[in-house]
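Heads up: the sequence lines are chains A and B, in that order. Read in the numbering used here, the first sequence has 113 at position 113, and its numbers run on one by one without any break. The numbering used here runs 1000 ahead of the 1-based position in the second sequence. Okay, structure first, notes after.
2 protein chains.
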Amino acid sequence: MLRTLYWTKKGVIMLDQRLLPGRAVYRRFTGYRDVADAIKKLVVRGAPAIGVAAAMGAALGAIKVKAKDADGFKKKFKKVLDLLASTRPTAVNLFWAIERMRRVADSSGNATAGEIKKRLVKEARKIYAEDIRINKLMGGHGSRLIKNNSTVLTHCNAGALATAGYGTALGVIRGAVDRGKKIRVFADETRPVLQGARLTAWELKQDKIDCILITDNMAGSMMQKGLIDCVVVGADRIAANGDVANKIGTYPVAVLAKAHNIPFYVAAPLSTIDMKIKHGNGIPIEERDSTEVTHIRGKRIAPAGIKVRNPAFDVTPNRLVTAIITEKGVVRAPYGRNIRRLFS
Amino acid sequence: MLRTLYWTKKGVIMLDQRLLPGRAVYRRFTGYRDVADAIKKLVVRGAPAIGVAAAMGAALGAIKVKAKDADGFKKKFKKVLDLLASTRPTAVNLFWAIERMRRVADSSGNATAGEIKKRLVKEARKIYAEDIRINKLMGGHGSRLIKNNSTVLTHCNAGALATAGYGTALGVIRGAVDRGKKIRVFADETRPVLQGARLTAWELKQDKIDCILITDNMAGSMMQKGLIDCVVVGADRIAANGDVANKIGTYPVAVLAKAHNIPFYVAAPLSTIDMKIKHGNGIPIEERDSTEVTHIRGKRIAPAGIKVRNPAFDVTPNRLVTAIITEKGVVRAPYGRNIRRLFS
Chain A
1 MLRTLYWTKK
11 GVIMLDQRLL
21 PGRAVYRRFT
31 GYRDVADAIK
41 KLVVRGAPAI
51 GVAAAMGAAL
61 GAIKVKAKDA
71 DGFKKKFKKV
81 LDLLASTRPT
91 AVNLFWAIER
101 MRRVADSSGN
111 ATAGEIKKRL
121 VKEARKIYAE
131 DIRINKLMGG
141 HGSRLIKNNS
151 TVLTHCNAGA
161 LATAGYGTAL
171 GVIRGAVDRG
181 KKIRVFADET
191 RPVLQGARLT
201 AWELKQDKID
211 CILITDNMAG
221 SMMQKGLIDC
231 VVVGADRIAA
241 NGDVANKIGT
251 YPVAVLAKAH
261 NIPFYVAAPL
271 STIDMKIKHG
281 NGIPIEERDS
291 TEVTHIRGKR
301 IAPAGIKVRN
311 PAFDVTPNRL
321 VTAIITEKGV
331 VRAPYGRNIR
341 RLFS
Chain B
1001 MLRTLYWTKK
1011 GVIMLDQRLL
1021 PGRAVYRRFT
1031 GYRDVADAIK
1041 KLVVRGAPAI
1051 GVAAAMGAAL
1061 GAIKVKAKDA
1071 DGFKKKFKKV
1081 LDLLASTRPT
1091 AVNLFWAIER
1101 MRRVADSSGN
1111 ATAGEIKKRL
1121 VKEARKIYAE
1131 DIRINKLMGG
1141 HGSRLIKNNS
1151 TVLTHCNAGA
1161 LATAGYGTAL
1171 GVIRGAVDRG
1181 KKIRVFADET
1191 RPVLQGARLT
1201 AWELKQDKID
1211 CILITDNMAG
1221 SMMQKGLIDC
1231 VVVGADRIAA
1241 NGDVANKIGT
1251 YPVAVLAKAH
1261 NIPFYVAAPL
1271 STIDMKIKHG
1281 NGIPIEERDS
1291 TEVTHIRGKR
1301 IAPAGIKVRN
1311 PAFDVTPNRL
1321 VTAIITEKGV
1331 VRAPYGRNIR
1341 RLFS
């Protein structure tokens, strides 16, 4: 299985996704500041993978804390978590993972600093292992929605590279393929950072899953020609009412799917659902540097000084979502009630 | 005024649009084969500009024909026209311009080959001058649809660079600006060839028209935020029923505009309307080389060997078109009847 990131005694190893598909370079990170920087700079990306990376970063930070006692440790560990939490605002898995790590430290009773550190490392590795297991569960549930001999459109990369392994949206596709279905995938290239062209196309090619790359603005035309049977995407944060924040360009795909009566599925673990946010418009949307739009792979493509907008995500309202695929099963409208039930 | 291409005694001068926005290089073309190649390779692009380039290419070809008499000339001239007609299949202005040149040759009565050549050069220069005049007429008609202080979304480049000058869609924007209106433009970058980022952004910046560049997949989000008041695009071919073939990505913009109750306008001269084609699905759509998708400005962005689709155009059905702006005025549904009237 393709390894996106993993824990070793000598640090966290992460595949530097900025260099794909040209080169597959693994880097070792030994400090939490470096991990925070790697999250910011997209060495690692994808909501579940960001969560796992943050947990492992927190564990690395914990190990290096020098403290006399447990209280001193917790004070310094809070700074570690705060820095990791400041890296990216939209993917809620980041805050979910940090919260889990915080709770381990806080509920440590009379444990010594040394014992807490061990528990934190264990928790980070548990989050990692859980993520793969959850993705395979999602793959199983979701595979039932994908018909044999069908063509799936996906946007961005919600694959093994966006998770600890197997993937969310691509996990659903893998789930269908693993169950013997013949699936063809259209991958949107996903400007500006080209996660579709660079990561999804690469990942599916590695797995020998039939993949056709298109620019984002071709999806409508492919739907119009009747070439797309369903859409499966991941999510960076889902509000309590089922509104979905995901990579910029997801919302137009959902509008197009609706206009062509094509099912639009979102695959995401429960850790992506933010019950504290009622509606999608409450989800903070990261606006990234303008050079992501004006330059591609280091080459300028637009005139100097041009104004740019660069929101990294958009929000798809729940009415455009046919179903949300989670590790606890497939949820449909009314989302408010049915999502609440997932957590009970 | 920005010059896209023009006639000189020593040949046709064309701005090499492949090098924009980095460099503004004018090249001289002295043979019709070179002009055909320039059209194919996108030195010059945009339906009206392709028409003008083809007419000038035909004139260049005519000049160099060696023939004893008018009949011998016409035989050789036919080959010139056939090569020019084989360059690109979608923009009907190409065939329209070639047809005009053919008619000049065919209706030459007892003229000598030398006289016919002179008439062909005159006709090419007439097509050029007419195009600018027509664009300014469209700008006048279209400007009435654009409210003061409004924000217009445009896709691809239907500007001065896509015509002999002034532009079709950008001509409408210029028409509004020239009449004292304050207009802001969102420009889709328009993958794969990036005409929006490279050409529209550059052209509007030269003219000091307020322009914000976005990737194609951000248009939906901008509409959702209420930032877009109307859409204006050009066209490569319009069927008799008002279906519009235009740069790939236009159709999704039209679907999104409809979903947000935003007017969707198409600006195109009568020479872009093909009365011989009843519906949009009869319009031939050019599929271009896969490297346009897998590479950007010479840099590979996708894994080697990945399958690609690369249709250069899509078709927007007439029901999504609020109005078509022509040099003879603004046409609305029912398009079949109202377009027919334009030609009578």
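We treat Cβ as the ideally placed atom computed from N, Cα and C, and that holds for glycine. Being a predicted model, the structure only gives us computed values, none of them experimental.
Looking at the structure shown, is A:Glu-287 part of a helix, part of a strand, or coil, going by DSSP?
-> In the structure shown, A:Glu-287 sits in a strand (DSSP, three-state: E or B).
How would you list, in chain order, the residues of chain A whose beta-carbon sits under 9 Å from the beta-carbon of B:Asp-1314?
-> At a beta-carbon threshold of 9 Å, the residues of chain A lying near B:Asp-1314 are Asn-217, Met-218, Gly-220, Ser-221, Gln-224, ordered along the chain.
Return yes when the Cβ of B:Ala-1036 is within less than 8 Å of the Cβ of B:Asp-1069, no when it is not.
-> Contact: no.
Exposed or buried, A:Lys-9, counting other C-beta atoms within 10 Å across all chains shown (16 or more means buried)?
-> Answer is exposed; the Cβ neighbour count stays below 16.
Chain-ordered neighbours of A:Cys-211 on chain B, where CB pairs are closer than 8 Å | By Cβ distance, chain B contributes Ile-1306, Lys-1307.
State yes or no: is the C-beta of A:Ala-58 within less than 8 Å of the C-beta of A:Ile-13?
-> Not a contact, by the Cβ cut-off of 8 Å.
Counted within 10 angstroms of its Cβ, other Cβ atoms place A:Pro-48 as buried (16 or more) or exposed = It counts as buried.
Could you give the DSSP three-state label for A:Asn-135: helix, strand or coil?
-> In this structure, A:Asn-135 counts as helix in the three-state DSSP scheme.
Is there at least one Cβ from chain B nearer than 8 Å to A:Arg-3's Cβ?
-> Interface flag for A:Arg-3 against chain B is unset, since no Cβ pair is found closer than 8 Å.
Return helix, strand or coil for B:Arg-1340, following the three-state DSSP convention.
-> It is helical.
Along the beta strand (DSSP E) that carries A:Lys-225, what are the first and last residues, could you check?
-> No beta strand (DSSP E) holds A:Lys-225; DSSP gives it neither H nor E.
Look at B:Thr-1154 and B:Thr-1200 and say whether their C-beta atoms are less than 8 Å apart.
-> The beta carbons of B:Thr-1154 and B:Thr-1200 sit closer together than 8 Å.
Those runs of the alpha helix (DSSP H) which lie wholly inside the segment 1047-1132 of chain B and span at least 4 residues = Positions of the alpha helix (DSSP H) runs, each at least 4 residues long and wholly inside the segment 1047-1132 of chain B, are given as 1047-1064, 1070-1085, 1092-1106 in order along the chain.
Taking C-beta pairs closer than 8 Å, name the residues in chain B that A:Val-233 reaches, listed in chain order.
-> Neighbours of A:Val-233 on chain B: none; closest Cβ ~12 Å, over 8 Å.
Unbroken alpha helix (DSSP H) runs of length 4 or more, entirely within the segment 208-256 of chain A: which are they?
-> For secondary structure counted as the alpha helix (DSSP H) over 4 or more consecutive residues, the segment 208-256 of chain A holds these complete runs in sequence order: 219-224.
Considering only C-alpha positions, which residue in the set A:Asp-188, A:Gln-195, A:Arg-198 is nearest to A:Met-218?
-> Comparing Cα positions, the closest option is A:Asp-188.
So which residues on chain A does B:Pro-1303 lean against when the C-beta distance must stay under 7 Å?
-> Those within 7 Å of B:Pro-1303 in chain A are Pro-21, Ala-201, Trp-202, Lys-205.
Check whether B:Gly-1109 and B:Lys-1136 have beta carbons under 8 Å apart | No; because the gap between Cβ atoms is not below 8 Å, this pair is not in contact.
Inspect the CB distances between the segment 50-64 of chain A and the segment 78-91 of chain A and report whether three or more fall short of 8 Å.
-> Yes: the two stretches touch, three or more of their Cβ pairs being nearer than 8 Å.
State the Cα-Cα distance for the pair A:Trp-202 and A:Ala-162, rounded to the nearest angstrom.
-> Rounded to the nearest angstrom, the two C-alpha atoms are 13 Å apart.
Closer than 9 Å, Cβ to Cβ, to anything on chain A: give me those residues from the segment 1234-1251 of chain B, in chain order.
-> Taking 9 Å as the Cβ-Cβ cut-off against chain A, the residues of the segment 1234-1251 of chain B that qualify are Lys-1247, Ile-1248, Gly-1249, Thr-1250, Tyr-1251.
List the residues of chain A that B:Ala-1259 touches, going by C-beta distances under 7 Å, in chain order.
-> Within chain A, the residues near B:Ala-1259 are Val-255.
CA-to-CA distance, A:Ile-209 to A:Ala-333, given in whole angstroms | Approximately 31 Å, taken between the alpha carbons.
Three-state secondary structure assigned by DSSP to B:His-1155 | In this structure, B:His-1155 counts as coil in the three-state DSSP scheme.
Endpoints, the beta strand (DSSP E) within which A:Val-315 is located = Residues 313-316.
Give the residues of chain A in contact with B:Lys-1040, contact being defined as C-beta atoms less than 7 Å apart.
-> Correct list: empty, because the minimum Cβ distance to chain A is about 20 Å.
Residues of its chain near B:Leu-1120, where Cβ-Cβ distance is below 7 Å and the 5 sequence neighbours each way are ignored = Excluding residues up to 5 positions away in sequence, Ala-1058, Ala-1059, Ala-1062, Met-1101, Val-1104, Ala-1105 lie with their Cβ nearer than 7 Å to the Cβ of B:Leu-1120 in the same chain.
Helix, strand or coil at A:Ile-173 [DSSP, three-state] = Of the three classes helix, strand and coil, the one that applies to A:Ile-173 here is helix, per DSSP.
Opening and closing residue of the beta strand (DSSP E) in which A:Leu-194 lies | Note, A:Leu-194: premise wrong, no beta strand (DSSP E); not H, not E.
Quick one, which of B:Ile-1283, B:Leu-1320, B:Leu-1020, B:Lys-1328 has its alpha-carbon nearest B:Pro-1311's?
-> When only C-alpha atoms are compared, the closest one is B:Ile-1283.
Residue nearest to A:Phe-77 in terms of C-alpha spacing, selected from A:Arg-88, A:Gly-31, A:Arg-45 = Closest in C-alpha terms to A:Phe-77, from the list A:Arg-88, A:Gly-31, A:Arg-45, comes A:Gly-31.
So with Cβ pairs under 8 Å, would you call A:Leu-194 a contact of chain B?
-> At a cut-off of 8 Å between C-beta atoms, A:Leu-194 counts as an interface residue with respect to chain B.
Given a limit of 9 Å on CB to CB distance, which residues of the segment 1175-1192 of chain B reach chain A?
-> Those residues of the segment 1175-1192 of chain B that come within reach of chain A (Cβ to Cβ, closer than 9 Å) are Phe-1186, Ala-1187, Asp-1188, Glu-1189, Thr-1190, Arg-1191, Pro-1192.
Rounded distance between the beta-carbons of A:Val-152 and A:Val-232, thought under 8 Å = Indeed, because the Cβ distance is near 5 Å, the residues count as touching under 8 Å.
B:Arg-1033 (DSSP reduced to helix, strand or coil) = The DSSP-derived three-state label of B:Arg-1033 is helix.
Near A:Asn-318, which residues of its chain fall below 6 Å by C-beta distance, leaving aside the five closest residues on each side in sequence?
-> Excluding positions up to five away in sequence, the list reads Asn-241, Gly-242, Asp-243, Tyr-335.
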